[in-house]
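Visitor: Taking my numbering, the leading residue of the sequence shown gets 16, the next gets one more, and so forth.
Backbone N, C-alpha and C fix where the C-beta goes; we use that ideal spot for every residue, glycine too.
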Amino acid sequence: MEIKATALIMSLCDEMFERKSGYGGRNWPPHWKKKTREKLVAAGLVESKGHEPKVGEVYYFTEVGLSWYLGLRPERKR
16 MEIKATALIM
26 SLCDEMFERK
36 SGYGGRNWPP
46 HWKKKTREKL
56 VAAGLVESKG
66 HEPKVGEVYY
76 FTEVGLSWYL
86 GLRPERKR
């Protein structure tokens, strides 16, 4: 599945990349829509690591997803 790098998708990926602590430990923001998460999972860009107590569903970039993201945001490379 092909994902277009829309402003919404990139904003969500930026927030996930930064892993903001303001979300109670989750690495995805609460305003992510389930449909958007499902698109990213279906495209193989992120994967779920399951539920964690008091945190909820935890998502991480896959290797492919991280390469895709860093290709679009080269300033994030360290």
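Would you check if the stretch 86–93 and the stretch 59–70 touch, i.e. whether three or more CB-CB distances between them fall below 8 Å?
Guide: Too few Cβ pairs lie closer than 8 Å, so no.
Visitor: So Glu62 and Thr77 are in contact, right, with Cβ under 8 Å, and what is the actual spacing, rounded?
Guide: That pair is a contact at about 5 Å.
Visitor: For Lys50, which three-state DSSP category applies?
Guide: Lys50: helix per DSSP, three-state reduction.
Visitor: Would the beta-carbon of Met25 fall within 8 Å of that of Tyr74?
Guide: No, Cβ-Cβ distance for Met25 and Tyr74 is not below 8 Å.
Visitor: Compare the C-alpha of Lys50 against each of Trp83, Ile18, Leu85 and name the closest.
Guide: Ranking the options by Cα distance to Lys50, first place goes to Ile18.
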